[in-house]
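What follows is one structure encoded as structure tokens, with my remarks underneath.
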Amino acid sequence: MTLAVSSADWAQVEEQLQKKEIELLSKEGINVPEGHLDGYKYTPQSRVVDKQSWEVMPTPNYTPKCTSQNWTHADVNFEVGEGIAYITLNRPHANNALNDSMLQGLHDACFELHRRPDIRIAVLRAEGKMFCAGGDPKSFQEAAALSNNASLKESVSFMRLLYYFQCLPQFTLGLAQGSAMGTGLGLLAACDTVCTVSGARFVVSDVKLGTVPASIAPFIAGKVGPAHAKRILCTAENVSAPLAKQMGLITDIVDDELDFAKHIEGICEKVTLCAPQASARSKRLVQNVSARPLSMKLLAYTGGELASVRISEEAVKGMVAVQAKTKPSWAEKPIKPLY
975 MTLAVSSADW AQVEEQLQKK EIELLSKEGI NVPEGHLDGY KYTPQSRVVD
1025 KQSWEVMPTP NYTPKCTSQN WTHADVNFEV GEGIAYITLN RPHANNALND
1075 SMLQGLHDAC FELHRRPDIR IAVLRAEGKM FCAGGDPKSF QEAAALSNNA
1125 SLKESVSFMR LLYYFQCLPQ FTLGLAQGSA MGTGLGLLAA CDTVCTVSGA
1175 RFVVSDVKLG TVPASIAPFI AGKVGPAHAK RILCTAENVS APLAKQMGLI
1225 TDIVDDELDF AKHIEGICEK VTLCAPQASA RSKRLVQNVS ARPLSMKLLA
1275 YTGGELASVR ISEEAVKGMV AVQAKTKPSW AEKPIKPLY
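Here our numbering is used: the first residue of the sequence shown is 975, the next is one more, and so on.
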């Protein structure tokens, strides 16, 4: 049976509750005068705004320790060429296990790339036999001694790094010259496309140690979908390169690390022909509409993007080039790989 409740009924409930509260306070020796709330009105000092992902620009906002011009991080190399940048994990003696020094270097590289529209492609690579062995074992011992607040801050900091990397305006390419474990899979999942050697393996073994891969779960699930994410994260399966490609974790497989150069060259040729801002906005468009149900807000956003792009400087130049049967200006500036 359904009961209809009017606003008058709720007003009576509130009145009875107020009387009961006054009675309880009276028993404690506190006398509340009648009408003490008359004329009182509470105005919140802040309000909660439900913002969509496309209304917030994911740009790092802090002071980096260095830039590509005066790079000082030894465990991470950052090189910039003509239209392309390379971020290289450079801790091969520790299988590129992530420590504080490497994370700081990755943060600083992301900070600069978010402010470099002249760079079209960002390559994430590594030195040594493994791409990344996950977190540094020493950091696990240190994390165990942290307070809850400090542990939360550290975890969110790494997730923020993956988020900023995933949202780079450049087209990002991950090159796995060897196997990846744990948080190393998070780095690859944050890349737009990943190429690996055929013998590489991929595993997240947190559950075998009694922990959960919370910091990389959103990125793995977003990359491969919930079913494959559960298989990777819940069973700690040692995934082969072909299976990882089937799942969607990686996109291309080569026989040898030496084949990376040709692979990069092919991507550079394709991206060179694309308008820089249009390419960056298309990437952001995909990120903002992925896994979202159709709604009027989503339609308004996508429609607004199309309307603004149509009158952009790049769109005008592109149409002029088509009519003149010539290449647009950006296609005349080839992206040149460093390796």
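All C-beta atoms in this analysis are idealised placements derived from N, C-alpha and C, irrespective of residue type, glycine included.
A quick note: this is a predicted structure, and the numbers were derived from the prediction, not measured.
Starting from the Cα of methionine 1133, find the closest Cα among Ala1210, Val1296 and Pro1032 and give me that residue.
For the purposes of this step, residue 1133 is taken as the residue at position 159 of the sequence shown. Answer by Cα proximity: Pro1032.
Buried/exposed call for glutamine 1151, threshold 16 Cβ in 10 Å
For this step, residue 1151 is matched to residue 177 along the sequence shown. Around the beta carbon of glutamine 1151, 16 or more other beta carbons lie within 10 angstroms, which makes this residue buried.
Roughly how many whole angstroms lie between the Cα atoms of valine 1297 and serine 1269?
Taking the first residue of the sequence shown as position 1, residue 1297 is located at position 323. Taking the first residue of the sequence shown as position 1, residue 1269 is located at position 295. The displayed chain sequence assigns glutamine, not valine, to residue 1297. A direct Cα-to-Cα measurement between glutamine 1297 and serine 1269 gives close to 37 angstroms.
From proline 1007 to serine 1189, what distance separates their C-alpha atoms?
Taking the sequence shown and counting its residues from 1, the one referred to as residue 1007 is at position 33. Taking the sequence shown and counting its residues from 1, the one referred to as residue 1189 is at position 215. Roughly 54 angstroms between the two C-alpha positions.
Kindly indicate the opening and closing residues of the beta strand (DSSP E) around valine 1006.
As a working note, residue 1006 is residue 32 in the sequence shown. Neither: valine 1006 is in no beta strand (DSSP E) and is coded neither H nor E.
Restricting to runs no shorter than 3 residues, where is the beta strand (DSSP E) found entirely within the segment 1041-1103?
You should have 1050-1054, 1058-1063 and 1095-1100.
Keeping to the same chain, check which residues put their C-beta closer than 7 angstroms to that of aspartate 1230; ignore five residues upstream and five downstream.
Residue numbering aside, residue 1230 sits at position 256 when the sequence shown is read from its first letter. For aspartate 1230, where only same-chain residues beyond five positions count, the Cβ hits under 7 angstroms are Val1171.
Exposed unless 16 or more other CB atoms sit within 10 angstroms - verdict on cysteine 1208:
The sequence position of residue 1208 within the sequence shown is 234, counting from 1. Flag for cysteine 1208 reads exposed.
Which one or two residues does DSSP pair with phenylalanine 1145 in a beta bridge?
Along the sequence shown, read from residue 1 onward, the residue named residue 1145 stands at position 171. Answer is Ile1095, bridged to phenylalanine 1145.
Is glycine 1102 closer than 8 angstroms to proline 1066 when the C-beta atoms are compared?
Taking the first residue of the sequence shown as position 1, residue 1066 is located at position 92. Taking the first residue of the sequence shown as position 1, residue 1102 is located at position 128. Yes. Within cutoff.
DSSP puts valine 1168 in a beta bridge; with which residues?
The count along the sequence shown starts at 1 and reaches residue 1168 at position 194. In the DSSP output, where bridge partners are listed per residue, valine 1168 has Gly1148.
Please specify which runs of the beta strand (DSSP E), each continuous and at least 3 residues long, are wholly inside the segment 1221-1274, giving them in chain order.
Runs found: 1226-1228.
Classify tryptophan 1342: buried if its beta carbon has 16 or more other beta carbons within 10 angstroms, exposed otherwise.
A query on residue 1342 cannot be resolved here, the shown segment of the chain reaching from 975 to 1313 and no further.
Helix, strand or coil for arginine 1205? Go by DSSP, reduced to three states.
Along the sequence shown, read from residue 1 onward, the residue named residue 1205 stands at position 231. In the structure shown, arginine 1205 adopts helical secondary structure according to DSSP, grouped into three states.
Range of the contiguous alpha helix (DSSP H) that encloses arginine 1134
By 1-based counting over the sequence shown, the position of residue 1134 is 160. For arginine 1134, the enclosing alpha helix (DSSP H) stretches over residues 1122-1140.
Through-space distance from aspartate 1049 to serine 1256, alpha-carbon basis
Counting from one through the sequence shown, the residue named residue 1256 turns up at place 282. Counting from one through the sequence shown, the residue named residue 1049 turns up at place 75. Taking the straight line from one Cα to the other gives about 33 angstroms.
Just the Cα atoms here: how many angstroms apart are leucine 1161 and alanine 1191?
The count along the sequence shown starts at 1 and reaches residue 1161 at position 187. The count along the sequence shown starts at 1 and reaches residue 1191 at position 217. For leucine 1161 and alanine 1191, the distance between alpha carbons rounds to 12 angstroms.
Helix, strand or coil, according to DSSP, for serine 1286 in the structure here?
Indexing the sequence shown from 1 puts residue 1286 at position 312. Coil, per DSSP.
Between glycine 1173 and cysteine 1106, is the Cβ-Cβ spacing less than 8 angstroms?
Start at 1 with the first residue of the sequence shown, and residue 1173 comes out as number 199. Start at 1 with the first residue of the sequence shown, and residue 1106 comes out as number 132. Glycine 1173 is not a Cβ neighbour of cysteine 1106, given a cutoff of 8 angstroms.
Give the range of the beta strand (DSSP E) segment to which valine 1198 is assigned.
Taking the first residue of the sequence shown as 1, we reach residue 1198 at position 224. Per DSSP, valine 1198 belongs to no beta strand (DSSP E); it is in the alpha helix (DSSP H), 1191-1198.
Assuming isoleucine 1061 contacts leucine 1080 under a Cβ cut-off of 8 angstroms, what Cβ separation, rounded to an integer in Å, is found between them?
In the sequence shown, the residue the question calls residue 1061 occupies position 87. In the sequence shown, the residue the question calls residue 1080 occupies position 106. About 7 angstroms; that satisfies the 8 angstroms criterion.
By the 10 Å Cβ neighbour count, where 16 or more other Cβ atoms means buried, how is methionine 975 classified, buried or exposed?
Translated into positions along the sequence shown, residue 975 becomes position 1. Only weak support is given to the placement of methionine 975: the predicted model assigns it a pLDDT of 44, under 50, and the value that follows is read from those uncertain coordinates. Methionine 975 comes out exposed.
Cα separation between serine 1179 and proline 1187?
As a first step, residue 1179 must be located in the sequence shown, where it is residue number 205. As a first step, residue 1187 must be located in the sequence shown, where it is residue number 213. Going from the Cα of serine 1179 to the Cα of proline 1187 covers about 8 angstroms.
Look up alanine 1154 in the DSSP assignment and give the residues it is bridged to.
Taking the sequence shown and counting its residues from 1, the one referred to as residue 1154 is at position 180. Answer by DSSP bridge pairing, in chain order: Cys1106 and Phe1176.
Three or more beta-carbon pairs under 8 angstroms between the segment 1286-1303 and the segment 1033-1052, yes or no?
In short, these stretches do not touch, since the Cβ pair count stays below three.
Shortest alpha-carbon distance to glutamate 1086 belongs to which of Glu1128, Tyr1138, Gln992 and Met1155?
On the sequence shown, position 112 is the one that residue 1086 refers to. The shortest C-alpha to C-alpha distance from glutamate 1086 to any of Glu1128, Tyr1138, Gln992 and Met1155 is the one to Tyr1138.
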